[in-house]
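*Asks:*
In this note's numbering, the protein residues as written are 113 to 265.
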């Protein structure tokens with residue numbers, strides 16, 4: 113869950129698992145994103161795919177459209193910086209978004225997004241609804257604390 117004062121915010125967390133990223137990528141990644149995943153050496157390719165996926169889903173949740181949008185119309189460009197300007201094309205979100213990767217332990221990939229130009233803190237709280245959902249998240253959320261970040265990009 114992500115909370116922000118007076119602005120939209122989205123968050124996504126995915127547990128690492130076996131993926132068919134070569135089959136999934138054309139349906140949900142842009143050309144530059146597919147190149148980013150393809151250029152990642154194994155065994156890191158599934159994590160690279162999930163990095164793109166969590167960034168996209170965080171933005172789309174923040175926009176309020178979720179996975180109903182065309183995922184290939186949103187380019188999150190996750191190259192080398194943990195913060196990226198999202199290039200919008202036709203997914204229904206009119207503005208650029210800032211996306212930050214979150215550290216949720218070695219077995220999860222996560223991202224939080226807020227509109228570009230919005231300042232302030234977003235509070236992200238991570239928890240599992242079911243005991244068999246992959247176990248507790250390592251880090252602050254495991255102790256019931258909030259993981260926080262300050263946007264200053």
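By construction, the Cβ of each residue, glycine as well, lies at the ideal position given by its N, Cα and C atoms.
#1: List the residues that DSSP assigns as beta-bridge partners of residue 222.
#2: Is the separation between the beta-carbon of residue 212 and that of residue 188 shorter than 8 Å?
#3: Is residue 133 buried or exposed, if buried means 16 or more other CB atoms sit within 10 Å of its CB?
#4: Smallest Cα separation from residue 205: which of 221, 169, 152, 161?
#5: Going by beta-carbon coordinates alone, are residue 130 and residue 149 separated by less than 8 Å?
#6: Mind pulling the beta strand (DSSP E) runs of 3 or more residues that sit fully within the segment 168-196?
*Replies:* Let's see:
#1: 125, 214
#2: no
#3: buried
#4: 169
#5: no
#6: none
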